[in-house]
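The sequence shown begins at -9 in this note's numbering and counts up by one.
Before any comments, here is the structure.
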Amino acid sequence: MWKREQKQASGSQCFASKRALNTWKEAMPVDDEVGSEQRTANAQQENSEPMSEEMLRNAYHLSRLRSSSVEIREKGSERLKEELAKAQRELKLKDEECEKLSKVRDQLEQELEELTACLFEEAHKMVREANTKQATAEKQLKEAQGKIDVLLAEVTALKTLVITSTPSSPNRELHPQLQSPSKAVFKKGHGRNKSMSSAIVTATTHNTQLQPIGKDGREIDPILFDEFQAWKEAPTLDKACPFLERIYQEDISPCLSFAKHELTEAVQAAVESNTLSIEPAAAQALPAVKASAIECGGPNGWRAEVVTKCALSGLSRTCKHRIKLGDSGNYFYISPSCRSRITAVCNFFTYIRYIQQGLVRQDVEQMYWEVMKLRKEMSVAKLGYYTEES
């Protein structure tokens, strides 16, 4: 009987523990990761022997750990979301800063282009002013030479009068005191002899005839202007356009026509591609076999001019410059006339390239006259004229 009561007490205790476990399971959340394994374990525990208090305590602690891991996971996900939002805000700020910097870069590029155009215009203005000053100086020099010629004529006339007046036969025009009172006329100031005056007048007239005063005039050719204006609307370096075709035929081809045809074609191609370079030639750099040095100068300083054969004309000339075509290491020594002709063509191509790139901020008429000026320089150079500086 005692055993029966003990079994009933243990059965009631087991029933109470199962009931408490079911109540705890309903109250606590079950993790999704446990799944079917946890349910299977619970079922086995229900069918097994009754659980003790220690096992219930362990199960309770395990559930608390699982709930704390879920909380930690949720907090971690929230923190990651906050960091993601912060990174997105920083990226947005970086994008705005990059956009501002790109605008600043575009503005700087535009200002640089405008500055380049202004510098080019200023350079042309300085060149024109220098040419005007040079023309004025040359004019003043001619006037000074004319005055010197007049003074020399006066000196010559005075010498002639002095020679013709001797003590035995004095010149009465030079010595008024020898004239009779009726013929003597009192003159206040300086008197000039008729022969001297005539000599001065003759010299002045001769000097005036040697230096005629002319006035340059210009008039726009409508055909050339129309061709240039059509080219200006769509600038190109194609030889087929009427504007460049005419200039090639009338100026560039005759200006770059030399005796050495093969080298001439290479020079023209280098000029068109802007790969030709001209530099002064040192005397010691010239070929020693074909060159002959001519010493000249004063006692304080001697300089050597080297005469060698020009690579383009084939004639023996004083070659002060040499050219290089592209990246080639070969140099060709050229005469001053050939250098002047090549330089004139290079100046023309440089100016039309500036027009094509939009660096020239002038009206169409000013550009036209600048082109005509460059064509004039090519025409003069192809006839053999060049300055001493060349």
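Cβ coordinates follow ideal geometry from the N, Cα and C atoms, glycine included.
For clarity, every value in this text was computed on a predicted model and none was experimentally measured.
Within 10 Å of its beta-carbon, does residue i have 16 or more other beta-carbons around it, so buried, or fewer, so exposed?
i: Thr298; result: buried
i: Arg145; result: Per the sequence presented here, residue 145 reads as Val, with Arg not at that position. So Val145 counts as exposed.
i: His311; result: buried
i: Cys300; result: buried
i: Cys328; result: buried
i: Cys309; result: buried
i: Ser325; result: buried
i: Glu217; result: buried
i: Val94; result: exposed
i: Val117; result: exposed
i: Ile242; result: buried
i: Tyr50; result: exposed
i: Gln124; result: exposed
i: Lys173; result: Per-residue confidence for Lys173 stands at a pLDDT of 44, beneath the threshold of 50, marking its modelled position as unreliable; no derived number is given.
i: Ala127; result: exposed
Would you identify the three-state DSSP class for residue i, choosing helix, strand or coil?
i: Glu240; result: helix
i: Pro270; result: strand
i: Ile210; result: coil
i: Phe248; result: coil
i: Thr340; result: helix
i: Tyr323; result: strand
i: Arg351; result: coil
i: Lys363; result: helix
i: Lys84; result: helix
i: Thr226; result: coil
i: Thr126; result: helix
i: Thr254; result: helix
i: Thr298; result: strand
i: Thr106; result: helix
i: Leu305; result: coil
i: Leu373; result: coil
i: Lys149; result: helix
i: Ser65; result: Here the sequence assigns Lys to residue 65, which means Ser is not the residue at that position. It is helical.
i: Lys314; result: strand
i: Thr265; result: coil
i: Ser59; result: helix
i: Ser92; result: helix
Using a Cβ-Cβ cut-off of 7 Å (strictly less than) and excluding sequence neighbours within five positions of residue i, which residues of its own chain qualify?
i: Leu102; result: none
i: Pro244; result: Lys372
i: Ala260; result: Leu266, Leu315, Gly316
i: Ala271; result: Cys309, Lys310, His311, Arg312, Tyr323
Identify, in the order they occur along the chain, each residue of the same chain with its Cβ nearer than 8 Å to the Cβ of residue i, setting aside the five sequence neighbours on each side.
i: Leu52; result: none
i: Thr254; result: Leu246, Ser247, Phe248, Leu302
i: Asn337; result: Leu364, Glu367
i: Ser306; result: Val297, Thr298, Lys299, Cys300
i: Lys222; result: Ile345, Val354, Met357
Excluding the 5 residues preceding and the 5 following residue i in the sequence, name in chain order all residues of the same chain whose CB lies nearer than 6 Å to its CB.
i: Leu214; result: none
i: Lys149; result: none
Counting only C-beta atoms, is residue i closer than 8 Å to chain B at any point?
i: Lys372; result: This model lacks chain B altogether, as it is built from one protein chain only.
Meets three-Cβ-pair contact criterion under 8 Å: the region 108 to 121 and the region 338 to 357: yes
How do the region 361 to 378 and the region 329 to 339 stand: do at least 3 beta-carbon pairs fall below 8 Å, yes or no? yes
Using 8 Å as the Cβ pair cut-off and three pairs as the minimum, do the region 234 to 254 and the region 363 to 371 touch? As far as the Cβ criterion goes, the region 234 to 254 touches the region 363 to 371, which means the pair count is three or higher.
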